[in-house]
Amino acid sequence: MTPRKDLLDIQSLTDEELDFILTNAVPFKNLFKRSVKKVPTLRGRTVLTLFYEPSTRTRSSFEVAASRLSADVVNFSVSTSSVVKGESVLDTISTLEAMRTDYVVVRHSNSGIPNLIAKNTTASVINAGDGFHAHPTQALLDVFTLKEVFGGDVRGARIAFIGDIQHSRVARSTNLLCRRMGMHTAMLAPSSLIPRDLPQDIAVFGSWAELYAWKPDVIYLLRVQMERQNVPFFPSLGEYHRQFGMTDDRLARVRDAGVWVMHPGPVNRGVELTDNVMTYERCLIDQQVENGIAVRMSVLYWLKPGSATEEAVV
Amino acid sequence: MPDKEPILTKQDIAQRIERIASAIEEKKPGKNLALVGIHRRGVPLSERVYALLKPKLPDLRIGRVDISLYRDDLKSLEIMPKLVGSDIPFDLDGMHVILFDEVMHTGRTSRAALEELLDHGRPGKIELAVLIDRGGRELPMCADYVGQGVEVADGQRVSVRFEEVDGEDAVYVTEGGRR
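The listed protein sequences derive, respectively, from chains A and B. Numbered per our numbering, the first sequence spans residues 311 to 624. Numbered per our numbering, the second sequence spans residues 62 to 240.
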């Protein structure tokens with residue numbers, strides 16, 4: 311597989327590249343069973359995490375992935391208050407060029423910032439979430455987890471995303487990849503949180519009753535992103551939980567039907583789900599976290615700094 | 062495959078493998094012996110030796126290492142190798158391990174395999190067995206069991222083909238760089 315410089319979104323990945331990343335994640339995950347969980351693959355390379363938004367989980371996942379490949383990891387702390395976009399981001403790029411960084415993991419509240427950085431650096435850029443646009447490694451780890459659950463082939467399986475779809479780059483990227491892998495997808499959300507630009511053939515529901523009738527195999531609970539909602543999209547968190555959350559009653563029904571449950575984390579307990587969901591035998595949240603490290607190792611292994619191609623720089 | 066005749070035929074290869082198996086048996090290894098093939102063609106080589114020795118050494122174990130993540134030339138590769146992964150289905154601590162590779166040349170593959178093996182555990186002893194030793198070391202490594210020594214020029218390539226991987230058993234010397 312010819313490596314690429316950047317991973318900015320799911321759309322630009324070819325089928326061959328997708329297969330390469332997902333297939334290689336299996337031996338990377340197997341490394342976790344060894345006494346020495348580290349391999350020397352990226353020895354002497356530097357991975358810089360450049361997060362303009364707080365995210366302990368994703369940042370840690372990339373850090374662990376990079377460390378297990380023996381790369382040096384540097385956290386570049388960015389004061390969100392001093393950064394709007396554009397010029398200051400380019401200043402940061404100059405700094406990281408001077409530091410001779412090999413990989414940059416970027417998260418930013420504005421869509422397109424990882425692309426801007428990728429165009430202006432020889433380092434490999436990985437989009438760790440930008441605006442409402444994309445979160446490709448989350449989509450890859452979600453599909454990797456689904457492939458584990460469904461014995462390698464997810465075609466025909468039914469997955470429903472529940473919650474704040476409008477503000478969710480996770481829903482956007484994971485939904486896109488699930489559909490590409492041949493899954494049927496549906497949405498359940500308050501009407502104020504359903505994007506207007508959804509493809510016509512995605513089922514959109516307003517109640518759990520409609521969702522049950524659709525017979526999902528997987529339910530993907532999205533995090534309610536309070537920090538992104540400048541205006542209220544539903545009356546209260548309690549109301550959201552009653553209407554759209556996974557309550558104990560709904561968990562009982564989901565358990566009877568053997569439905570798998572996913573969540574990108576961090577969980578707002580009592581909002582998206584109750585505590586009992588966390589101990590549900592088909593809750594995949596911990597598996598998603600573990601797989602996130604393996605998939606990110608696979609991405610770092612595949613990318614190659616300084617190997618920009620026309621397709622890679624979007 | 063090349064038009065030219067192989068330097069080793071199927072029969073020659075079988076004979077060399079029997080010789081390696083006999084040499085291992087002669088050393089009267091203990092109960093803790095394991096054969097580990099280096100992916101890719103070290104694996105069928107180890108499996109064939111295993112098939113010969115297993116009836117005589119019932120406790121013999123077998124495994125595989127994929128050294129892709131331990132290569133020292135990954136930065137320069139244009140095509141990244143797809144990973145198969147290693148499979149060591151036994152506790153390595155204290156084991157007598159024999160690593161198998163089809164050709165020994167610079168010694169870099171053996172170094173990578175050694176490093177990987179030591180990350181899986183702490184074997185009591187490690188030896189190396191190769192079907193072909195073509196010389197040309199760049200690292201201070203040597204094999205304990207050699208099927209055949211072959212002298213070839215720098216620009217030539219020794220290509221070992223196994224039925225399990227390539228559909229035939231043969232060893233060729235061809236023009237065109239390292240193996």
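Backbone N, C-alpha and C fix where the C-beta goes; we use that ideal spot for every residue, glycine too. No experiment lies behind these values; they were computed from the predicted model shown.
- Within the segment 180 to 213 of chain B, those residues whose Cβ lies closer than 7 Å to any Cβ of chain A are, in chain order, Asp-180, His-181 and Gly-182.
- Residue-level contact by beta carbon holds for B:Asp-127 and chain A, with a gap shorter than 8 Å.
- Segment contact: the segment 212 to 226 of chain B against the segment 171 to 183 of chain B, fewer than three CB-CB distances shorter than 8 Å; contact not assigned.
- Under DSSP, B:Gly-98 shares a beta bridge with B:Arg-125 and B:Phe-161.
- The beta-carbon of A:Phe-454 is placed no less than 8 Å from the nearest beta-carbon of chain B.
- It is roughly 22 Å from the alpha-carbon of B:Ile-78 to the alpha-carbon of B:Thr-235.
- Put simply, of B:Gly-237, B:Pro-201, B:Glu-188 and B:Asp-154 the residue whose alpha carbon is nearest the alpha carbon of A:Arg-344 is B:Asp-154.
- A:Phe-544 places its beta carbon 8 Å or farther from that of A:Pro-576.
- Contact check for A:Ile-427 against A:Val-414 passes: the beta carbons are separated by less than 8 Å.
- Considering only beta carbons, the part of the segment 325 to 341 of chain A lying closer than 7 Å to chain B consists of Phe-330, Thr-333, Asn-334, Val-336, Pro-337 and Asn-340, in chain order.
- For B:Met-202, there is no enclosing alpha helix (DSSP H), as DSSP marks it with neither H nor E.
- Those residues of the segment 102 to 131 of chain B placed with their C-beta closer than 9 Å to a C-beta in chain A are Asp-127, Ser-129, Leu-130 and Tyr-131, ordered along the chain.
- DSSP places A:Tyr-413 within a strand segment (E or B) once states are collapsed to three.
- A Cβ-Cβ distance of about 4 Å is found for the pair B:Ala-95 and B:Arg-122, placing them in contact under the 8 Å criterion.
- A direct Cα-to-Cα measurement between B:Ile-128 and A:Leu-332 gives close to 19 Å.
- Annotation: A:Asn-420 is outside any alpha helix (DSSP H) and is labelled neither H nor E by DSSP.
- Counting only unbroken stretches of 3 or more residues, the beta strand (DSSP E) elements lying wholly within the segment 421 to 470 of chain A are 434 to 440, in sequence order.
- Remark: C-beta atoms of A:Met-556 and A:Leu-583 approach each other more closely than 8 Å.
- In the structure shown, A:Val-399 falls within a helical segment according to DSSP collapsed to helix, strand and coil.
- It is roughly 20 Å from the alpha-carbon of A:Phe-515 to the alpha-carbon of A:Ser-483.
- DSSP lists no beta-bridge partner residue for A:Val-349.
- Cβ-Cβ distances below 7 Å link B:Ser-107 to Leu-96, Val-97, Gly-98, Ile-123 and Phe-161 in the same chain, with the five nearest sequence neighbours on each side left out; the list follows chain order.
- Around the beta carbon of A:Phe-554, a 10 Å sphere encloses 16 or more other beta carbons of the protein chains shown; the residue is thus reported as buried.
- DSSP, reduced to helix, strand and coil, places B:Asn-93 outside both helices and strands of the structure shown, so it counts as coil.
- Sorting A:Ser-398, A:Leu-521, A:Arg-468 and A:Val-384 by C-alpha distance to the C-alpha of A:Arg-563 places A:Leu-521 at the top.
- Neighbourhood of B:Glu-139 in chain A, by CB distance below 7 Å: Thr-312, in chain order.
- Across the structure, A:Leu-323 and B:Arg-195 are spaced so that their CA atoms are roughly 42 Å apart.
- It is roughly 16 Å from the alpha-carbon of A:Gly-602 to the alpha-carbon of A:Phe-330.
- With fewer than 16 other Cβ atoms from the protein chains shown falling within 10 Å of its own Cβ, A:Arg-367 counts as exposed.
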